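In the numbering used here, the protein residues as written are 317 to 676.
We put the CB at the ideal spot given by N, CA and C, even for glycine.
Please read these numbers as outputs of a predicted model, since none were measured by experiment.
Have a look at the structure below before the remarks.
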Amino acid sequence: MQDLLGLSPLDIARAVRDVAPEPFRAAQIFQWIHARRAADFTEMTSLPKAMREALAEGFVIGVPKVIARTPAPDGTEKFLFELADGARIEAVYIVESKKTPSWTDPETPGASRITICLSSQAGCAVDCAFCVTGRMGAGRNLTAGEIVGQYLAIARAKGFGPHAANVVFMGMGEPLLNVSQVTRALDLLEEEVSPKRTTVSTAGVVPGIESLAGRPHRPNLAVSLSGADDSTRTKLMPINRTYPLAELFAALKRWPLERGRKITFEYVLIEGVNDTSADAVKLAALVRTLPAKVNLIPLNESKEWLPGLKRPSDATVNAFAKAVVGGGVPVTVRWSKGLQADAACGQLKGREEPRRPRSR
Ligand code: SAH
Ligand code: SF4
317 MQDLLGLSPL DIARAVRDVA PEPFRAAQIF QWIHARRAAD FTEMTSLPKA MREALAEGFV
377 IGVPKVIART PAPDGTEKFL FELADGARIE AVYIVESKKT PSWTDPETPG ASRITICLSS
437 QAGCAVDCAF CVTGRMGAGR NLTAGEIVGQ YLAIARAKGF GPHAANVVFM GMGEPLLNVS
497 QVTRALDLLE EEVSPKRTTV STAGVVPGIE SLAGRPHRPN LAVSLSGADD STRTKLMPIN
557 RTYPLAELFA ALKRWPLERG RKITFEYVLI EGVNDTSADA VKLAALVRTL PAKVNLIPLN
617 ESKEWLPGLK RPSDATVNAF AKAVVGGGVP VTVRWSKGLQ ADAACGQLKG REEPRRPRSR
C-alpha cells in the first residue's frame, strides 16, 4: 500500500494514474488530505464512490496515530504519536493569548494565537547537556509525511482550518540533520502555513543553514546558542566542536534575511552555568553583529534526566534579560507553556523512560 501523505500533487497524480486518470483528481485528493484533513478515502465525497473504493485498495493516508493526548490547564496539549514502525514522537499544540491591551477592557485578552510545535526526528543525536530528547539517543529521521502528518492530526483533533496556526520545528530532533525531509515538509505545508509563520530552530548545523538559505521561500530561523563563548557552548552543546561560533556566525551573516526580519537566538538559562551578567553582556555583543533578537528559556528541569541542572531564579532571569537589552538586543523570555503536561521545551521524549540517565 502506497502512502499518499507526503506526496506533492504531481507525485499523487503519478501514483494514482491508473485509478484516477483525470488530471484534476490529484489536486482534489491533495486538497482533501491537506486543507480538509481527510484521514481516509471514504471521506473524499467529491470523488466518485467507485474511485474512492479503488483508492482505498491501493493506497493509504499515513497520518500518524495519536496514542495519547495530555492537555495542560493553560490550553497547551501534548500529542504522543506512534508511527508505522512503532517509533514514538511528540508534538505540541500551544495557544497563547496575544494580550492586546484594550482601552475598553484591559482585562479581556485579545484573540489567541495557535502554534504547532513539530518533531523532525525520533530522538536526537546532538546530545545537548540540558535536553531530555537528547537522552534518547539518535533515533531516526522522520519522513516529510510523518512531519506534516503531526500537523494534520492536530489540526483535525483541535478543529482549526488552514492559515490558523504558526508552525515551529522545536519538537524532538534537529531539523537541519534531516534537511531533505524537512524541506519537503515545508513545501507541503506552504499552502496552509506561510513561510513567514514557520520557524526552523537549529542547534547550528552549518551545512543545513546553507541549504535552507538557498530556498526561494525561507522559514524564519532560530538558532539555539545557550553559550556566548566556545568553551561554555561546547560544554552544553557538543555540536559546537564541529561548528564553532565563528563558523556558525559566518554562515548566519550569509543568511538572506528579508527586510525587517531578525534571526532569533535561543538561550537556555541554567543556574551557575551561563546566567551571569557578564554572560549576558557577551551574548549581546555576539548577536548584535546581526539583526537579532534573543529568546531566553529558563531551563525546564528534570530531576531524573537532567540531574544537577537548575533553573535560575526569576530575579536572575530578569536581570539577565535586562543586561541583554542594555547591550542593544531585544529580548523575550519564554516562561514555558505546558509545564504540567511535560510538554515544555526540551522535555519531549516520546516515551516514559529514557535510555541513558544523565550523570554529568
Ligand atoms: N534541535 C533544535 C530544535 C529542538 S529543541 C534546537 O536545538 O534548536 C528546541 C529548543 O528547546 C532549543 O532552543 C533548545 O535549546 C531548547 N531546550 C532543550 N532542552 C531544554 C530544557 N531542558 N529547558 C529549556 N529549553 C530547552
Ligand atoms: Fe537535539 Fe535540540 Fe535537544 Fe540539542 S536541544 S539534543 S539539538 S533536540
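Tell me where the beta strand (DSSP E) around residue i begins and ends.
i       : result
Leu-585 : 579–585
Arg-693 : In the structure as shown, the chain starts at 317 and stops at 676, and residue 693 therefore has no counterpart that could be examined.
Ser-428 : 428–433
Counting along the chain, where does the alpha helix (DSSP H) carrying residue i start and finish?
i       : result
Thr-386 : Not the alpha helix (DSSP H): Thr-386 falls in the beta strand (DSSP E), residues 381–387.
Ala-471 : 460–474
Val-483 : Note, Val-483: premise wrong, no alpha helix (DSSP H); beta strand (DSSP E) at 481–485.
Val-448 : 448–451
Val-332 : 325–332
Asn-616 : Asn-616 -> no alpha helix (DSSP H), and no H or E assigned at all.
Thr-605 : From DSSP, Thr-605 is part of no alpha helix (DSSP H); its letter is neither H nor E.
In the structure shown, what three-state DSSP assignment does residue i receive?
i       : result
Ile-377 : coil
Leu-396 : strand
Tyr-316 : Shown here, the chain extends from 317 to 676; a query on residue 316 therefore has no answer.
Pro-572 : coil
Trp-419 : Annotation note: pLDDT 43 at Trp-419 (below 50); position unreliable, no value reported.
Thr-592 : coil
Val-645 : coil
Gln-318 : strand
Arg-456 : strand
Asn-556 : helix
Lys-638 : helix
Ala-343 : helix
Val-442 : coil
Considering only their Cβ atoms, is the gap separating residue j from residue i smaller than 9 Å?
i       : j       : result
Ser-436 : Val-382 : no
Pro-535 : Phe-485 : yes
Ala-659 : Glu-338 : no
Asp-334 : Val-376 : no
Trp-409 : Ile-349 : In the sequence under discussion, the amino acid at residue 409 is Tyr, which differs from the Trp named in the question. No, Cβ-Cβ distance for Tyr-409 and Ile-349 is not below 9 Å.
Arg-472 : Val-589 : no
Leu-625 : Ala-384 : no
Taking 8 Å as the cut-off, is the C-beta of residue i nearer than that to any heavy atom in the ligand FMN?
i       : result
Leu-502 : The model depicted lacks the ligand FMN and carries the ligand SAH and the ligand SF4 instead.
Between the region 343–356 and the region 461–480, do at least 3 Cβ pairs fall closer than 8 Å? At 8 Å Cβ cutoff, the stretches touch.
Pair every Cβ in the region 459–468 with every Cβ in the region 500–507, then say whether three or more of these pairs are closer than 8 Å. Yes, the region 459–468 touches the region 500–507.
With three or more C-beta pairs closer than 8 Å as the rule, is the region 486–497 touching the region 520–536? Three or more pairs of CB atoms, one per stretch, sit closer than 8 Å, so the region 520–536 contacts the region 486–497.
Please confirm if the region 637–649 is in contact with the region 388–405, defined as three or more CB-CB distances below 8 Å between the two stretches. The region 637–649, when compared against the region 388–405, does not touch it at the 8 Å Cβ threshold.
Sequence ranges, alpha helix (DSSP H) only - wholly within the region 504–552, length at least 4: Along the region 504–552, the alpha helix (DSSP H) occurs as fully enclosed runs of 4 or more residues at 522–529 and 546–552, listed in sequence order.
Is the number of C-beta pairs between the region 537–555 and the region 579–590 that are closer than 8 Å three or more? Yes: the two stretches touch, three or more of their Cβ pairs being nearer than 8 Å.
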